[in-house]
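Residue numbering for the sequence shown follows our numbering, beginning at 1046 and increasing consecutively.
Just so you know, even glycine gets a beta-carbon here, dropped at the ideal spot from N, CA and C.
First comes the structure, then the notes that go with it.
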Amino acid sequence: MEYILRDTPSFLSWAVLLTAWKKDLYFLLNILADKIEPSFYGKNVIDLNLGIHFTGGEPFLNFELLCEGVEMAKELNIPSLFVETNCYWASSDNITKEKLSNLKNKGLNGIMISVNPFFLEFVPFER
């Protein structure tokens, strides 16, 4: 399997395309755990995003793997865990709260919402 890791120096983060199998994801996170250090500004500073950014096509398409990836990264003491989503899955307030609460409890620090004009037909901006 080919791994795609993108080092983005402007954000000092690593993006992991969430298309790997569980064992491959664990392998990747173990490698990255040795490369990522907490911010020298302190734990509460997240603007530098020194950590993992789960991305993909849409990470929520495999919600179980996303949850496991967040748990694995937390166990490996990787700071600043984010996921990027277009929110196609946020079809109701209850579903949104359930999924985000689940991820927060597993250690997710935040989400980045992508707004793409090509998806507006399928994902209303209000989501």
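| Query | Result |
| --- | --- |
| Going by other Cβ atoms of all chains shown within 10 Å of its Cβ, with 16 needed for buried, is GLY1102 buried or exposed? | exposed |
| Counting only the same chain and skipping the five closest in sequence on each side, list residues whose C-beta sits under 6 Å from that of ASN1024. | This structure does not reach residue 1024, given that the chain is present from 1046 up to 1172, and the question cannot be answered. |
| Count the other CB atoms, across all protein chains shown, that sit within 10 Å of the CB of MET1117; report buried if there are 16 or more and exposed otherwise. | buried |
| What are the boundary residues of the alpha helix (DSSP H) that ILE1140 is part of? | 1138-1151 |
| Near ALA1078, which residues of its chain fall below 6 Å by C-beta distance, leaving aside the five closest residues on each side in sequence? | LEU1121 and ILE1123 |
| Is the beta carbon of THR1100 sitting closer than 8 Å to the one on GLU1129? | yes |
| Confirm, please, whether the CB-CB distance from LEU1153 to LEU1126 is below 8 Å. | yes |
| Using three-state DSSP, classify LEU1110 as helix, strand or coil. | helix |
| Which two residues bound the contiguous beta strand (DSSP E) that contains ILE1123? | Here ILE1123 belongs to no beta strand (DSSP E), and DSSP marks it neither H nor E. |
| Between VAL1115 and SER1137, what straight-line distance do the alpha-carbon atoms span, to the nearest angstrom? | 23 Å |
| Rounded to whole angstroms, what is the Cα-Cα separation between TYR1133 and THR1141? | 10 Å |
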